[in-house]
Amino acid sequence: PPLIADAAQGPDGLTGPKNSAVNPVPRVQLTRVEGASDDHRDSGEPSREEQTHSPALVTISDDNSVRGFVNQSLHKAWEDHEVTPAPLANDAEWIRRVHLDLSGRIPTPEETERFFKDSRSDKRARVLNALLESRDFATHFATVWTNLLVGRSQEQEFDRGALFAWLEGQFGKNRSWRETVTELIAARGTGDESGPANYLLAHLNNEAVPATAVTARTLLCEQLQCTQCHVHPTAKDWGQGRFWELNAFFQQARVETHVFVDQETGERTELRELVDWNSLEPTYYETLQGVIKVAYPRLEETEITQIPADESRTLREQLAELLFADEDFQVAKAFVNRTWAHFFGYGFTSPIDDMGPHTPVSHPELLDGLSRAFVDSGYDIKKLIRWVCLSEPYQLSSHGDEVGVAEGIDVPEQGEQPLFSRMYPKSLTAEQIFDSLMVAAGVSPVELHRLAKADGERERWLQQFFVDLETEENSEVTTLDGSLPQTLLMMNGDLIQRAVSPDQGAVVGRILGDNRLSETEKIRELCLAALSRYPDPEEVSAIRQALRRHVKQRTDRNVPARIALNEGLRDVYWAYLNSSEFLVNR
73 PPLIADAAQG PDGLTGPKNS AVNPVPRVQL TRVEGASDDH RDSGEPSREE
123 QTHSPALVTI SDDNSVRGFV NQSLHKAWED HEVTPAPLAN DAEWIRRVHL
173 DLSGRIPTPE ETERFFKDSR SDKRARVLNA LLESRDFATH FATVWTNLLV
223 GRSQEQEFDR GALFAWLEGQ FGKNRSWRET VTELIAARGT GDESGPANYL
273 LAHLNNEAVP ATAVTARTLL CEQLQCTQCH VHPTAKDWGQ GRFWELNAFF
323 QQARVETHVF VDQETGERTE LRELVDWNSL EPTYYETLQG VIKVAYPRLE
373 ETEITQIPAD ESRTLREQLA ELLFADEDFQ VAKAFVNRTW AHFFGYGFTS
423 PIDDMGPHTP VSHPELLDGL SRAFVDSGYD IKKLIRWVCL SEPYQLSSHG
473 DEVGVAEGID VPEQGEQPLF SRMYPKSLTA EQIFDSLMVA AGVSPVELHR
523 LAKADGERER WLQQFFVDLE TEENSEVTTL DGSLPQTLLM MNGDLIQRAV
573 SPDQGAVVGR ILGDNRLSET EKIRELCLAA LSRYPDPEEV SAIRQALRRH
623 VKQRTDRNVP ARIALNEGLR DVYWAYLNSS EFLVNR
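According to the numbering used here, the sequence shown is numbered sequentially starting from 73.
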């Protein structure tokens with residue numbers, strides 16, 4: 073089916089100008105499987121056997137096929153649940169969404185207007201491709217994954233900046249996810265020289281319990297920490313041995329601390345290094361019955377009981393190899409699940425990092441098919457993102473079927489499984505809020521990168537919202553939850569004051585200082601800068617009425633009308649930046 077009845081699709085499966093010819097979303101092209109009927113060989117339709125086969129057992133041949141497969145899978149779910157998908161997102165909704173998702177910030181007014189004026193049918197694909205090749209994308213995804221891997225704390229004994237810089241390079245160069253995961257698990261060296269080594273330098277404490285738990289939860293989306301001391305409460309096959317057998321892969325690794333003393337000042341500097349000892353040390357653990365058991369490195373059916381004769385590979389390198397030899401593609405499924413949740417707010421499982429036989433999957437065929445396609449692509453991250461962002465569900469508005477929502481259909485925020493028949497609103501992260509406020513103040517994306525690394529203002533601002541927990545998983549909690557401190561910071565904080573100040577905020581300064589713009593045009597420009605859209609006529613009318621009241625009150629106190637109007641317009645911008653619409657990605 074087409075994305076929307078009166079819209080035409082461009083070559084990337086996206087809609088173009090209305091009143092053009094309508095082309096259907098391409099069907100998924102599946103490699104013929106053994107036993108398929110010859111009657112359907114040339115019909116262009118999947119055979120009955122192909123339709124019933126799990127997508128995990130077939131090969132998806134090209135990008136159009138993958139997107140068609142995603143669209144078909146979700147259309148079937150919508151039909152099964154009798155839910156009407158939301159209409160197509162308009163340009164304003166989509167351009168803000170894709171910038172926040174891919175670059176971690178709102179678009180600049182210039183970027184938004186350029187997109188509005190583009191009449192090409194494939195303009196959304198063009199913006200997507202440009203963002204994927206931008207430094208903003210590499211920086212944003214490096215930020216997301218640095219936070220997942222080691223948290224946001226700046227007080228740890230590892231080089232968080234080196235890990236971030238390495239991840240930024242990985243995402244920027246589109247290195248395969250297989251390579252990235254392998255280096256994270258198998259890296260060696262000091263934190264300043266080896267970016268990926270900082271992952272385990274952060275977690276290789278307490279008998280590698282944190283390293284085991286975080287690796288399983290982050291890279292496999294499996295919460296094995298529950299099995300450290302007892303059988304998993306719902307997955308009865310996950311006993312204690314599952315945790316400690318994974319833990320045994322990290323027992324060869326050690327953190328060595330080197331102390332250097334400056335001969336002139338006497339200042340001592342410590343340097344931590346991740347190394348591997350030439351030994352195979354099993355893990356010992358105690359069962360609930362008080363019995364001491366031994367666990368050798370083991371993943372699924374493969375157990376390692378001796379070091380290779382040539383000593384060429386460490387246990388961690390062998391773990392990485394085994395992870396990608398897994399016939400269930402768990403690493404791929406975990407990354408696909410996290411990627412889908414990044415763009416839609418919900419993954420295929422809830423919680424996102426608790427996949428397993430005990431957790432229902434909302435769309436198992438879609439997860440399996442996307443994971444297989446991701447593996448077949450060579451774990452190509454940008455290709456996976458293109459599949460997701462050029463698919464039909466990502467083009468939908470956040471305004472869904474009001475009848476369905478009212479009846480509790482496709483309302484995952486109420487605990488129901490998501491159907492992805494509309495785009496679910498996502499609260500901005502702390503990093504997105506900071507970067508978006510800087511853009512709203514008129515800081516260019518290039519300058520934003522420089523400032524973030526130059527004076528550390530961004531990191532200091534972020535530290536207000538996160539607290540480390542003294543847990544075995546090295547966890548942290550956030551206070552960015554709509555609390556009173558957050559509200560006050562948004563209302564009166566330095567970033568807001570900078571954005572609404574004509575002297576510090578380039579956007580406000582330009583708009584207020586342009587005498588060629590009418591009052592209505594200035595309101596429209598302020599709305600565009602803050603919310604990536606133009607206000608509707610009713611909104612403009614209400615604002616102008618409020619401005620007239622404000623100007624009258626101020627002029628009655630002998631304030632010049634021009635100054636009074638500019639004060640009111642600054643208040644309008646402040647109100648836009650403090651609105652719930654600004655703090656939500658929809």
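Positions of the beta carbon are idealized from the N, C-alpha and C atoms, including for glycine.
Asked                                                                                                                   : Found
Beta carbon of A502 nearer than 8 angstroms to that of L442                                                             : no
CB contact flag (G261, E393, <8 angstroms)                                                                              : no
Simplified DSSP state of K365, which is helix, strand or coil                                                           : strand
DSSP three-state assignment for A158, whether helix, strand or coil                                                     : coil
Cβ neighbour criterion (16 or more within 10 Å) applied to L360                                                         : exposed
V539 - partner residues in DSSP beta bridges                                                                            : V549
As assigned by DSSP and simplified to three states, the class of R596                                                   : helix
Three or more C-beta pairs below 8 angstroms linking the stretch 367-378 and the stretch 317-325                        : yes
Close Cβ partners of H330 (< 6 angstroms) along its chain, the five nearest in sequence each way excluded               : L343
Where F332 falls, given that 16 or more other Cβ within 10 Å makes a residue buried                                     : exposed
V460 (DSSP reduced to helix, strand or coil)                                                                            : helix
Residue environment, A397, which counts as buried when at least 16 other CB atoms sit within 10 Å                       : exposed
C-alpha distance - P531 paired with E464, whole-angstrom precision                                                      : At residue 531 the sequence reads Glu, which differs from the Pro that was named. So the two alpha carbons sit approximately 36 angstroms from each other.
8 angstroms contact criterion, which A578 and G514 should meet: CB distance rounded                                     : 3 angstroms
Where the beta strand (DSSP E) containing V347 begins and where it ends                                                 : 340-348
Status (buried if at least 16 other CB within 10 Å, exposed otherwise) for Y356                                         : exposed
Neighbour-count burial assignment, D231, 16 or more Cβ in a 10 Å radius                                                 : buried
Whole-Å CB distance - L637 paired with V623, under 8 angstroms assumed                                                  : 6 angstroms
Assigned secondary structure, R370 (DSSP; H/G/I helix, E/B strand, else coil)                                           : strand
Complete runs of the alpha helix (DSSP H) confined to the stretch 165-247 [at least 4 residues]                         : 181-189, 195-204, 207-222, 232-244
Pairwise C-alpha distance: K594 and T103                                                                                : At T103, the pLDDT of 32 sits below 50, so the modelled position is not reliable and the matter cannot be decided from this model.
Buried versus exposed, by CB contacts within 10 Å (16 or more), I453                                                    : buried
Stretch-stretch touch, CB-based, cutoff 8 angstroms, three pairs: the stretch 141-160 with the stretch 481-499          : yes
Sub-8 angstroms separation of L462 and L200 beta-carbons                                                                : yes
Bridge partner(s) assigned by DSSP for L468                                                                             : L160
Endpoints, alpha helix (DSSP H) assigned at Y648                                                                        : 633-649
Buried versus exposed call for S651 [16 or more other C-beta atoms within 10 Å across all chains shown]                 : exposed
Spatial neighbours of E255 in its chain, beta-carbon cut-off 6 angstroms, leaving aside the 5 residues before and after : P268
Proximity to E529 [Cα-Cα], best of P436, E548, D507                                                                     : D507
Identity of the residues DSSP links to Y356 by a beta bridge                                                            : V366
W238, buried or exposed, once every other Cβ within 10 Å from all chains shown has been counted against 16              : buried
Reference H212; option with closest CA among D173, L235, R186, G223                                                     : D173
Secondary structure of E279, DSSP reduced to three states                                                               : helix
Alpha carbon of G362 to alpha carbon of T550, nearest angstrom                                                          : 37 angstroms
Span separating the alpha-carbon of V253 from that of L352                                                              : 23 angstroms
Nearest-angstrom Cα separation, counted from Q226 out to L129                                                           : Confidence is the limiting factor: at L129 the pLDDT is only 38, short of 50, which leaves the residue's position unreliable and the question unanswerable from this model.
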